[in-house]
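Residue numbers (this note's numbering), protein chains in the order written: chain Y, 1 to 292; chain C, 1001 to 1289; chain P, 2001 to 2359.
No residue lacks a Cβ here, since even glycine has one placed at the ideal position from N, Cα and C.
Beneath this line is the structure, given in structure tokens, with notes to follow.
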Amino acid sequence: MSAPSTLRTPWLPKLVIAPSFILAFLFIYGLIAWNGYLSVSASRLLPNYEFAGFDHYASLLDNDRFRVAMINMGIFGGLFIAGSMALGLLLAILLDQKVRAEGVLRTVYLYPMAISFIVTGTAWKWILNPGLGLEHLVQQLGFTDFTFDWLVNPDKAIYCIAIAGVWQSAGFVMALFLAGLRGIDDSIIKAAQVDGASLPRIYWRIIIPTLRPVFFSTLMVVSHLAIKSFDLVMALTAGGPGYATDLPATFMYAMAFSRGQIGLGAASATVMLATVAAIVVPYLYSELRAKK
Amino acid sequence: MSSTQPRSFTFQRLLLWTVLALFAVYFLTPLYVMLSTSLKDMDQVRGGNLLALPHGLNFEAWAKAWGTACTGIECNGLKPFFMNSLMMVLPAVAVSTAIGAVNGYVLAKWTFRGSETMFAFLLFGVFMPLQVVLLPMSQVLGWMGLASSIWGLMLVHIVCGIPSTTLFFRNYYVGLPQELVKAAMLDGASFWQIFFRIVLPLSTPILVVTLIWQFTNVWNDFLFGVVFSGADSKPITVGLNNLANTSSTVKEYNVDMAAALIAALPTLFVYVVAGKYFVRGLTAGAVKG
Amino acid sequence: MGALSIRQVKKTYQGNVNILKGIDIEVEAGEFLILVGPSGCGKSTLLSMIAGLDTPTSGQIHIADRDVTYAPSKDRDIAMVFQSYALYPNMNVKQNIAFGLEMRKVPKGEREEIVARVAKMLQLEHLLDRKPGQLSGGQRQRVAMGRALARDPKLFLFDEPLSNLDAKLRVEMRAEIKLLHQRTKTTTVYVTHDQVEAMTLGDRIAVMKEGQVQQLGTPEDIYARPATRFVAEFIGSPAMNMIEAQRTADGQSVHAANASGIDLPLTETQRNALPKGHVELTYGLRPEDVSLADNGLPGVLTIIEPTGPETYATVDTGVGKLTIRIPGALRRSVGETVHLQWDAQKAHLFDAGTEMRLA
Chain Y
1 MSAPSTLRTP WLPKLVIAPS FILAFLFIYG LIAWNGYLSV SASRLLPNYE
51 FAGFDHYASL LDNDRFRVAM INMGIFGGLF IAGSMALGLL LAILLDQKVR
101 AEGVLRTVYL YPMAISFIVT GTAWKWILNP GLGLEHLVQQ LGFTDFTFDW
151 LVNPDKAIYC IAIAGVWQSA GFVMALFLAG LRGIDDSIIK AAQVDGASLP
201 RIYWRIIIPT LRPVFFSTLM VVSHLAIKSF DLVMALTAGG PGYATDLPAT
251 FMYAMAFSRG QIGLGAASAT VMLATVAAIV VPYLYSELRA KK
Chain C
1001 MSSTQPRSFT FQRLLLWTVL ALFAVYFLTP LYVMLSTSLK DMDQVRGGNL
1051 LALPHGLNFE AWAKAWGTAC TGIECNGLKP FFMNSLMMVL PAVAVSTAIG
1101 AVNGYVLAKW TFRGSETMFA FLLFGVFMPL QVVLLPMSQV LGWMGLASSI
1151 WGLMLVHIVC GIPSTTLFFR NYYVGLPQEL VKAAMLDGAS FWQIFFRIVL
1201 PLSTPILVVT LIWQFTNVWN DFLFGVVFSG ADSKPITVGL NNLANTSSTV
1251 KEYNVDMAAA LIAALPTLFV YVVAGKYFVR GLTAGAVKG
Chain P
2001 MGALSIRQVK KTYQGNVNIL KGIDIEVEAG EFLILVGPSG CGKSTLLSMI
2051 AGLDTPTSGQ IHIADRDVTY APSKDRDIAM VFQSYALYPN MNVKQNIAFG
2101 LEMRKVPKGE REEIVARVAK MLQLEHLLDR KPGQLSGGQR QRVAMGRALA
2151 RDPKLFLFDE PLSNLDAKLR VEMRAEIKLL HQRTKTTTVY VTHDQVEAMT
2201 LGDRIAVMKE GQVQQLGTPE DIYARPATRF VAEFIGSPAM NMIEAQRTAD
2251 GQSVHAANAS GIDLPLTETQ RNALPKGHVE LTYGLRPEDV SLADNGLPGV
2301 LTIIEPTGPE TYATVDTGVG KLTIRIPGAL RRSVGETVHL QWDAQKAHLF
2351 DAGTEMRLA
């Protein structure tokens, strides 16, 4: 629906949106370009605008820490996304069953989204504390051989981050799916019931396929959260032990702001951008096309 | 969905309730742990276990977290950080929401050639990883003289909030009938009159959603806080992280938990009070990926 | 000069899509003009241009001798009632009606007077404090009209205002609109896709199809002498019966295309109106012009639809299925054989290719 094209001051809408657009352009694309330039410059502790080619990118490939970060991204990302989506969908379906305490339960499932990842990280760091946390609790319950030192175990620590992350985000996924479920036309369900379909079958064959658009937009949001994960890692493990739970986000921060390797940091940021863009841009493109 | 089944106490309902309750426990346990730990003294913490109830309500840890805990070199508790966050968040939320509303109004009701493309460009700002603007942004703030001040942090949050707020308002305003704008134009209203007299009064649901969303995101942000703030302008998330990770003294987990709760209280409060409006707004399609 | 002048207005979108292909209409002061046609014919687009919500690609629009083709809506002194009424949901009825006056800086005292007068005229006095969400469809419609009336404009525009009402309400509101026009005598342009509204409300009707005006005339003209096959089929319900026919080059009579043995009667005038040589034409008969008789075209009754005051019957004949209208009830049953007769003078002849009226 196009706007009424006659206005006494037809330039006004454009003027009003111009500042934001210019700001956005400068601060998003301008800075991205600048970051790109930094990544091919010889910057170390301070920006140095001498062109250095793709040295930093090359060294990223060799960098063991970055390699670990990328692998962790895959593990954590996969677990976090799969876990949040599955749990969120399950909760949404359960809550959709006309439960009387729905409001209360929804509040309970969703509240973790309201708190900072730092708070979550701090809390779960305590819960997963090898000496006094979960391990201690289970031992006190009688299972004296129980060990749960994943948090300080270089191979297992990344799973702890996934656990905390899913705890935080599943409720939000649930809210999005619930909204999608509620948006489904009742008459389709009734028609299926008249046709004799059982409830699980209705869910599997009709409702879940109808949720495809919601599924994809939720997937976008959750993937985005996964790639951005910085706060959670900093609070839970600070990238440790050593750099076993490093993620690209923490790697970038470490390089750029504590290790005096601005160029390298900028390069890692560009890699993160490329990863996000590869997923988001096609999705945005198809969405905006469809909305026409 | 199961509206045709009688609401009797069937086995299925029992199973449903059990599963829902178990999940509720799963989600509430960390909160309980935080609360109970914060009310113990360190002997109780070491003596008991995660789930043990505190022996009475001991608020010492809270007082310490607020006023005297160490966050690095200084030991003034979380109070200064709390104040920093407060001073920074409220204007940032207000300004980014206001700008988002006007932008959404233009993009939804006054489309022109290229406006959809503009929106698409703006939209990318919602999804991009912030790491990619960190370095250049600190340079820019440096030039503007805002490098380690609270104003710089506020500016960053405003600028980075605009894409999201614009998205929310634009999606909402697209749902308002275009005929309202046409009728108002025929009645002789100007661009701004239509906004303030008709569109804005109809914006309450999305205003609530946007304000809650922005407040939560800006208050809970850590990345910008840790990169762009100076010694005096660190927000509470940074303070909390420093407090919980100081390796100097003996670990006081009860203080850590109290501090975490203090940091979480404002957003939790907003959530409990206004949360249902937020969900209502989500249901109305405010956030569509 | 008329109150509204539309001259050679054309509208093209995206280079290729011709929404309006050249519209010329002159509307007299005080006249009630109807724009009627199927979806996509361009009537709403044309109305938008008259309203100032859209501009033509070429052509001009004059309101009361002023060229307003590119003037913004608020400078055109017009008021519009939208299909969805477009009442401001956050304001009550009183504020809705007064809004346009407020925008034009009419002083408060005068505003109150005007609102009171309009509310009285439309029986809205007891609803002034309610918000649109608390009103019924018919009440909202009246508020929308009240908002337009309050402005006392030179031109009223209606965009399918009755489409969202149920059948009974539609009939009531139609009468109210007609009464209102008789009282205020404001020039009105009314868009609808309903041909009954067109016939009952209009002083003149412009029947549109695919961006062009097929015929502009009074309801009687359009009904009795439709200029094209489209107009003939569009106006009148049940639709005119159309029989594909031909007259061979050397033949005297016209016979149905699918039944060469059956002659279709013609008057002398009609015969003379046919061009020379082989002619393919369409022979049109309005259902009320065909009656049951003892002899004539034989056929079998297949569907009988009693409506109360009359009955529609479909008869399967040698030339095809014909629908007829019979006053009162029909004391026959489905399957019976009947005979149909009609006066040749009542037939409408259209060229099969161009679809223009021949006679």
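In the DSSP assignment, phenylalanine 1169 of chain C falls within the unbroken alpha helix (DSSP H) covering 1150 to 1174.
A direct Cα-to-Cα measurement between methionine 113 of chain Y and valine 1095 of chain C gives close to 23 Å. Below the 7 Å Cβ cutoff, chain Y contributes Thr122, Trp126 as neighbours of aspartate 1256 of chain C, in chain order. Cα atoms of threonine 2317 of chain P and glycine 2296 of chain P: separation of roughly 11 Å, rounded to the nearest angstrom. The Cβ atoms of glutamine 1131 of chain C and methionine 272 of chain Y sit closer than 7 Å to each other.
In the three-state reduction of the DSSP assignment, alanine 2256 of chain P falls in the strand class.
Minimum Cα-Cα distance from threonine 2012 of chain P among the listed residues P/Gly2211, P/Ile2235, P/Gln2134 corresponds to P/Gly2211.
Residue range 2219 to 2224 is occupied by the alpha helix (DSSP H) that includes glutamate 2220 of chain P. Here the alpha carbons of proline 1163 of chain C and leucine 1122 of chain C stand approximately 6 Å from one another. Under the three-state reduction of DSSP output, glutamate 2244 of chain P falls in the strand class. Taking CB atoms only, glutamate 1179 of chain C has a neighbour in chain P less than 7 Å away. When CB distances to chain P are screened at a threshold of 8 Å, the residues of the segment 1201 to 1221 of chain C falling below it are Pro1201, Leu1202, in chain order.
At a cut-off of 7 Å between C-beta atoms, proline 1030 of chain C counts as an interface residue with respect to chain Y.
For valine 166 of chain Y and glycine 83 of chain Y, the gap between their C-alpha atoms comes out near 6 Å.
Residues of chain C whose Cβ lies closer than 7 Å to the Cβ of arginine 2104 of chain P are, in chain order, Gly1188.
The C-alpha of valine 152 of chain Y is placed about 15 Å away from the C-alpha of phenylalanine 146 of chain Y. Contact check for tyrosine 2085 of chain P against alanine 2144 of chain P passes: the beta carbons are separated by less than 7 Å.
For glycine 77 of chain Y, same chain residues with a beta-carbon under 8 Å away, outside a window of 5 residues either side, are Ser223, Ala226, Ile227 in chain order. Membership of methionine 2208 of chain P in the beta strand (DSSP E) is indicated by the continuous run 2204 to 2209. For aspartate 2159 of chain P, the enclosing beta strand (DSSP E) starts and ends at 2155 to 2159.
For valine 1133 of chain C against phenylalanine 27 of chain Y, the beta-carbon gap comes to about 7 Å, under 8 Å, which counts as contact.
Interface residue (Cβ-Cβ distance to chain P less than 7 Å): lysine 1182 of chain C is classified as such. Residue burial annotation: threonine 2192 of chain P is buried, with at least 16 other C-beta atoms found within 10 angstroms of its C-beta. Just so you know, the alpha carbons of alanine 2029 of chain P and alanine 2167 of chain P end up roughly 31 Å apart.
By the 16-neighbour rule on beta-carbons within 10 angstroms, glycine 1047 of chain C is exposed. When secondary structure is reduced to three states using DSSP, leucine 2004 of chain P falls in the strand class.
Taking the C-beta atoms as reference points, leucine 178 of chain Y is found no nearer than 7 Å to alanine 86 of chain Y.
Taking C-alpha positions only, isoleucine 2262 of chain P is separated from glutamine 2345 of chain P by approximately 18 Å. Exclusion of the five residues before and after alanine 1101 of chain C leaves Phe1169 as the residues of its chain whose Cβ lies within less than 6 Å of its Cβ. Residues of the segment 2081 to 2098 of chain P with a C-beta atom less than 7 Å from some C-beta of chain C are Phe2082, Ser2084, Ala2086, Tyr2088, Pro2089, Asn2090, listed in chain order. The Cβ-Cβ distance between serine 1085 of chain C and methionine 1257 of chain C does not fall below 7 Å.
Taking the Cα positions, alanine 2259 of chain P is about 10 Å away from glutamine 2246 of chain P.
Excluding five sequence positions before and after lysine 2131 of chain P, the CB atoms of its chain that fall closer than 6 Å to its own CB belong to Asn2092, given in chain order.
Asparagine 1254 of chain C places its beta carbon less than 7 Å from that of valine 1045 of chain C. Residue pairing by DSSP leaves leucine 60 of chain Y without any beta bridge partner. Contact between the segment 2031 to 2048 of chain P and the segment 2210 to 2224 of chain P is established, with three or more Cβ pairs separated by less than 8 Å.
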